[in-house]
Amino acid sequence: MSIPFRACASWIVLAATAASIGLAGCELGAGTSNQTGFISGNPTGPRGGDPAGDGSGDASSGTGGGGGPDAVPVPPRGGAIAERALRDADIVQEKDGRLYAMSGYSGLSVIDVSGDGLRVLGTRRMYGSPVAMYLRDGVLYALFSGWRHVVPDAQGGASHRDFMSRVEVLDVSDPAEIQPIGSFDLPGKLTEARLGDDVLHAVAYEPGSCLGCAAAPNITVTSLAVGDPADIAVIDQRRLVESAPSGYWGWPSVSVSDDRVYVASATWNGGEEEGRATIQVVDISDPSGALVEGARVDVTGEIASPWQVDEHDGVLRFVSLPGPWQPDAKPGIQTFSIVSSQEIVPLGATELDVHPAAEVRSVRFDGNRAYVISEHVSPVLTVDLSDPANPAQVGGIEEPGSIFHVEPRGDRLFALGFANDSGEGSLAVSLFDVSDLANPTMLERVAFGGKWARVAEEHDLIHEAFSLFDGLGTLAVPYSERTFDKSFHDCDPVTIGVQLIDFTRDTLSKRGFVATRGRARRVLASGERLVAVSELGVEAFGIDDRGAPAKIAGVALATLANSAVAVDDIVVRVGADANTGGGAWLEIASATSPGLAEPIARLDGAALYTEAPACRHYLSNARLFAHGQHVYVLAQTGNAAFTRLAIVDVGDPAAPRVVAQRDLPFSPGALYTNPSGALVSAGDSVVQVGSTLVLRGVSDDGHYAFEEDRPPHEAWLDLLDLSDPLNPRHSSVALPDGAGHTGLQLDGTTVLVSRWAPLPDDPSRARFYLDRIDVADPSSPVVRAPVNVPGSLLAFDGASSRLLTADYETVETPVVGREACAHTFASNAAFTPAAAGDDAGPGVCRGTRRTLKLLDLGDTSAQLLDESPVDDTMTVMKALAGENRAFLSVEDAAHDGRSSILVAGGLQEGSLNTATLESAGFDHSYGPLLLADGARLLVVDNYWPMLSVLDATDLTALSFEKKSDLLGHVVHATLSGDRALCSWGYGLEAVDVGP
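Residues are numbered in my numbering as their position in the sequence shown, beginning at 1, plus a constant of 89.
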């Protein structure tokens, strides 16, 4: 065999070949004289027939679920009629020198912004997506969607998990001791809310398949008595159900005024019949909370956003868009006189002259005016509403590029958009004179940002990030920019920050730019400072010199943590930000508070990628190892042929330093394992022996669109001798031939790996071999003679020299129908109908059967001691080696993929004992993490992030105990004493898992 050539300047490469270790002349699958005659089914061999759909093949542990529990989209909040309420209810507010910020990452944070610096006064973790926040006299009303709930099974069985919306009331008078006062749960997704004196009006969308929801999709308007926060109660409720046909139901849009809720929806059956669009009115004016269902207003088109609806001086006006049943229609504006909530009388209507290729982005109502924002030609249309009975489009703003947000200021209009014609940047703020609505005039335009600059917020939230400070005469625009640089491959530099622009009544002046730690969600003025709030932190900037604003203080609210490793009394965590633009870094935290957002010290990720600093975002997939006072960081680079190694000295936690960096001459695919076919995933792609790291490399670790493009399988070990941190040494040793290789396991200084070789005369069968490589001296690894074993390596007990494997057998059985085949074999199921094309008729089901086998392992042979079959309907997703036992994560195809844990013990005793815990209940599609710890298994369920512990000390009495809820989807977990360190991207949680 041949190993791909790998060479790197200043490296010592030592290749140990098969010939040098006495393996020359071995043929593929021929074994050696030690061959003990075990023959297995080929886990990746030909199966024949077509796959059985959902029953075919095995999956890995997964990488996360599509959409998550809050996958139903929540419509954008806002609307001109609710502008004041939006500010009152914003999830970031400042009052009396304190900043209150809610985040899905860090929960509630209270920050002192009264002095020269910034100081975190208190925090409280929350388990939902923040929607709104009200603050009154030291009491905070926090409103969430997607709040977690545990629901007991009605039949008395295991509980399940679901989500609702929640009103959480907190006493924040002492931020250091934030205390809960009361709470109230609402079914569905909270979309709008309004707090009166003692009444909270909440509007929620129920999609029809959620906890506590009605069977049919509907909108609920609920009034809650909140005068006593400890005893919140329903005053009244109105449920608005649209008789929607099966074809189409437009997402309901909700707008709220002081006295009324407007719920717009559209229905269409998808055929030739006209669809129907309406606005349902609910009166909320009664101060005691009584609700009155009002009129239903017919709409000529569709209302897709709250920004399209406004109430002003007794007039309801809205801009409707063509529905899917109106392909040739144009947007229009309609006005209605509000006699009462029950009587809303049509006043006037007009079509809007919008370019056929344009789409209406948004609408901004301002007194007797409206500005309709569209794409392409005339990006802003001006509408005169001074005569409500005769609304009229009177003009438009012509500007190169496009506009996606406007801010009216009397007879002046600020606009934010793209400046496609500018050489100074792709973003632009423009100032218009709109005193003559029919003939708007541009007074000035300022372009900024590079060619690929983008506003930091999504379109429906731009109004919350675009900040005008009239008293200061300045405005702030948060944005990010990626600079595409071919020399860095896909490692493109990213700029994140806030652009300042001064303004007067008639002028704009581009001022300075300030870099921020993450994409700012809000920018607020605090005295002579601007305060930028991102998901990751709060930063204050002095603006005495607006041409060169300077950061004067900052506090972290969350940290980036994709993986972590404990080193004595510190924890080293590393992460990169893919969502909020917060960069990447390696941080040192105290072991007593490893999740504290503010670290002891921080190294910017660019320090690990000095020649290509933008590549630091690859740290999100980095792997960490520690030995002595050194931390080893392995991560991918912009070149798929290399892996980055950085060695960091953390002997002085306050001053970590990079002592060595190298680009290793092998693919970063060596950092991760990929299961094959019916093979049980076990072991790891990287193992550590003191100051030596051992990585399994394979030639075909990529993904191939066509199987014929896959190169022949070859495998080797890359050995990194890091005993001299200033002079890392690399060597590689070839592994014997096989059709595939499993993950690596350790027995002292010996690396164990198994492989399989198909039989030359029957590729559906194969011989498995166990290979052992002693790496005590990484410069001279010793490859011991292979041993033929029945199946792939699952676990090895060094004290007894006993081996647990999963053996494979291809079997056939008659079934009726493809679906029955999928439920007969969980692994590699394939159905061949007796009559071609008859998937519901009789046929043959072919699948893979697995058996656990326990063996005595000698120097040259293995002896079978015991075996235990795995049910054919069980898919073994992953196996982990514990102490004198192995843990197998399985799914039952016969019971809708129900998850459970199979424990196989008795390795040292030489007799297999198995037990199954069926109530683990985690969902494999959301990427659970499993971590073996002696006789226990730590289980992180990422569907509902929580950490539980399976205690298998006594196989006759397995126990399963939840230890803690977790804030986010955990991507890495490791043990540090009696604590599990759980990294979830934007934070790290330490959970006590002791007895």
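Cβ atoms here follow ideal geometry from the backbone N, Cα and C, with glycine treated the same way.
The structure displayed is predicted, hence computed values, not measured ones.
The beta carbon of V288 sits closer than 6 Å to the beta carbons of S312 and G378 from its chain, once the five residues preceding and following it are set aside; these are given in chain order.
Judged by beta-carbon spacing, S615 lies beyond the 8 Å limit of G664, meaning their Cβ atoms are not closer than that value. Within the stretch 501 to 556, the complete alpha helix (DSSP H) runs of at least 4 residues fall at 551 to 554. The three-state secondary structure of L685, taken from DSSP, is coil.
Secondary-structure assignment with DSSP links R799 through no beta bridge to anything. Per DSSP, reduced to three states, the secondary structure at R873 is coil, with no helix or strand assignment. Secondary structure of A314 (DSSP, three-state): strand. Around the beta carbon of D658, a 10 Å sphere encloses fewer than 16 other beta carbons of the protein chains shown; the residue is thus reported as exposed. Annotation: the continuous alpha helix (DSSP H) that includes C910 extends over R907 to T913.
By the criterion of a C-beta distance shorter than 8 Å, P870 is surrounded in its chain by A105, L806, L808, S820, V822, I862, D863 and V864, once the five residues flanking it on both sides are discounted. Around the C-beta of F795, fewer than 16 other C-beta atoms lie within 10 Å, and the residue is accordingly described as exposed.
Between the stretch 224 to 232 and the stretch 259 to 270, the count of Cβ pairs shorter than 8 Å is three or higher; the stretches touch.
The C-beta of D826 has 16 or more other C-beta atoms within 10 Å across all chains shown, which makes the residue buried. Around the beta carbon of E1050, fewer than 16 other beta carbons lie within 10 angstroms, which makes this residue exposed. Here R610 is buried. Its C-beta has 16 or more other C-beta atoms within 10 Å.
Our two residues, M253 and D813, have alpha carbons roughly 55 Å apart in a direct line. If you draw a straight line from the Cα of E570 to the Cα of R751, it is about 29 Å long. It is roughly 42 Å from the alpha-carbon of A924 to the alpha-carbon of W357. Only residues of its own chain outside the window of five on either side were considered, and among them L561, T563, L589, E617, R618, L619 and P638 have a CB closer than 8 Å to the CB of I632, listed in chain order. With respect to the C-alpha of L474, the residue from G437, A504, L505 and L502 having the closest C-alpha is G437.
Here the alpha carbon of A291 sits roughly 24 Å from the alpha carbon of A554. Less than 8 Å divides the Cβ of G506 from the Cβ of F493. In this structure the stretch 926 to 940 does not lie against the stretch 1038 to 1046, because fewer than three pairs of beta carbons, one per stretch, are closer than 8 Å.
The beta carbon of L1006 lies closer than 7 Å to those of S989, I990, L1039, L1047 and F1049 in the same chain, with the five residues before and after it left out. Boundaries cannot be given for R635, as no beta strand (DSSP E) includes it and DSSP labels it neither H nor E. The beta-carbon distance between A221 and I270, rounded to whole angstroms, is 17 Å. This is too long to meet the 8 Å contact definition. Cβ-Cβ distances below 6 Å link P132 to G766, A767, L768 and Y897 in the same chain, with the five nearest sequence neighbours on each side left out; the list follows chain order. Burial check for R208: the Cβ neighbour count within 10 Å stays below 16, so the residue is exposed.
Separation of V443 and Y223 (C-alpha to C-alpha, rounded to the nearest whole angstrom) is 39 Å.
Under the criterion of beta carbons closer than 8 Å, L441 and V469 do not qualify as touching, at roughly 12 Å. Under DSSP, the beta-bridge partners assigned to W236 are M253.
The shortest CA-to-CA distance from R935 to any of K942, A918, L941 and L943 is the one to A918. By alpha-carbon distance to A743, the top candidate from V330, A621, V660 and G832 is V660. Short of 6 Å from the beta carbon of G538, and not among the five residues preceding or following it, lie these beta carbons of its own chain, in chain order: G514, S515, L516, Y568 and E570. V371 places its beta carbon less than 8 Å from that of R327.
Counting C-beta atoms within 10 angstroms of its own C-beta, Q952 has fewer than 16 neighbours from the protein chains shown and is therefore classed as exposed.
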